[in-house]
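Engineer: Dropping a structure here in structure tokens format, bear with me for questions.
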Amino acid sequence: MSAPRTVSLVLGSGGARGLAHIGVIQALVNNGFDIRSIAGTSIGALVGGIYAAGRLDVYTRWVTALERGDVIRLLDFAFDRKGLFKGEKIINLLRDLIGDRNIEDLPVSFTAVATDLRTHKEVWLRRGPLFDAVRASMSIPTIFTPFDYQDMQLVDGGLVDPIPIAPTLHDHNDLTVAVGLNGMPDPELDCADPAPERPFSFYHQRIARYIEALYQRREQRDPGDLSLIEIAGRSMDMMQHVIARFRLAAYSPDLYIEIPANACAFHEFHRSRELIEIGRRKTEELLTRSQRFTS
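Next up, the structure:
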């Protein structure tokens, strides 16, 4: 009997660790799997939506060239009580880089999962502009302002569904592969960030000072002394870890790939190369152990 080939891919939430999703996709494709459906939450919606649009190679080249200063320059202060950043600058850049098409026109079936603050319900975004759905799905509370969309006030889908398997249940594919980003810490991974880069331009000093302080405090402070952003990030991680356990008990994927929670801090997007490699390696290891998928 030939090994199963077609895949419904579920990409979970977890900030910068989600760049490991790129490595997972690369490993699956390199091993002959045909990804026909994707459901993603937060960073999973971002990477999954770009893959569904057929532009993951373009995004990968761009993101692996980013340095810390480049990441900081993409943050746009909201000056709003609803969140620290608007998120418009990065979304507009991605629209220019990738091209914004409607989800229903993509060559791969795609669902972005968000949360409606007004109804407290999970929202599946399967139609309309791709990057509207991505922006809504990755609106981390307190970090990014909520996204107003079709009479809904949408925030990060990870609040209710950090590993959105349910949107794929009616797919007619051979396998469901899910990727979680809050796995058990790996003692072999060094979460310490490389040395600081060059100073930032005057135009970005306000954002730079704020974010750079996170790195400096991380290196110099008492381990228990957390910043506002780190408290928000760790709180989301803990909540999503608990919810994910219940979701996985209800909907068991054929393959479940876990990215260690200590792979990086959730805002360290400039560490893309090592995160992509972690995702690729974890997937290759699991496929090697799971003989029914490679025979």
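Read in order, the letters of the sequence shown correspond to residues 412 to 706 in the working numbering. Virtual Cβ for every residue (Gly too), placed ideally from N, Cα, C.
Taking Thr-694 as the reference, give the member of Leu-439, Leu-422, Ala-672 with the closest Cα.
Structural biologist: If we check each option's Cα against that of Thr-694, Leu-439 comes out closest.
Engineer: I'd like the span of the beta strand (DSSP E) that includes Ser-520, first residue to last.
Structural biologist: Run containing Ser-520: 520 to 527, per the beta strand (DSSP E) assignment.
Engineer: Quick one: which unbroken alpha helix (DSSP H) runs of 4-plus residues sit fully inside the segment 481 to 564? Chain order, please.
Structural biologist: Whole alpha helix (DSSP H) segments, 4+ residues: 499 to 509, 541 to 548.
Engineer: Thinking just about the alpha-carbon of each residue, which of Tyr-662, Leu-600, Thr-522 is nearest to the one in Ala-676?
Structural biologist: Among Tyr-662, Leu-600, Thr-522, the Cα nearest to that of Ala-676 is on Leu-600.
Engineer: Going by DSSP in three states, Val-362 sits in which element: helix, strand or coil?
Structural biologist: Nothing about residue 362 can be reported from this structure: the residues present for the chain run from 412 to 706 only.
Engineer: Quick check on Leu-580: buried or exposed, where buried means 16 or more other Cβ atoms within 10 Å of its Cβ?
Structural biologist: Leu-580 is exposed by the Cβ-count criterion.
Engineer: Closer than 8 Å, CB to CB, is His-678 near chain B or not?
Structural biologist: No chain B is part of this structure, which consists of one protein chain only.
Engineer: With DSSP collapsed to three states, give me the class of Asn-593.
Structural biologist: Reduced to three states, the DSSP call for Asn-593 is strand.
Engineer: Just tell me which of Arg-700, Glu-685, Asn-673 has its CA closest to the CA of Tyr-667.
Structural biologist: The shortest C-alpha separation from Tyr-667 is found at Arg-700.
Engineer: Taking the beta carbon of Glu-499 as the centre, do at least 16 other beta carbons fall within 10 Å, making it buried, or is it exposed?
Structural biologist: So Glu-499 counts as exposed.
Engineer: Taking the alpha carbon of Leu-430 as the reference point, which residue from Leu-698, His-681, Phe-488, Leu-697 has its own alpha carbon closest?
Structural biologist: Closest option to Leu-430, Cα to Cα, is His-681.
Engineer: Given a cut-off of 8 Å, decide if Glu-669 and Gly-568 are closer than it, judged by their beta-carbon atoms.
Structural biologist: The answer is no: Cβ separation not under 8 Å.
Engineer: Taking 8 Å as the threshold (C-beta atoms), are Leu-565 and Thr-526 in contact?
Structural biologist: Cβ distance < 8 Å, so Thr-526 and Leu-565 count as in contact.
Engineer: Phe-496: which of Phe-558, Arg-479, Leu-592, Leu-697 sits nearest, CA to CA?
Structural biologist: Minimum Cα distance to Phe-496 is reached at Phe-558.
Engineer: Sorted by chain position, which residues of the same chain lie with C-beta nearer than 6 Å to Ala-606's C-beta, five sequence neighbours on each side aside?
Structural biologist: Confidence at Ala-606 is low in this model, with a pLDDT of 41, below 50, so its placement is unreliable and no value can be given for it.
Engineer: In whole angstroms, what separates the C-alpha of Leu-517 from that of Arg-656?
Structural biologist: So the two alpha carbons sit approximately 31 Å from each other.
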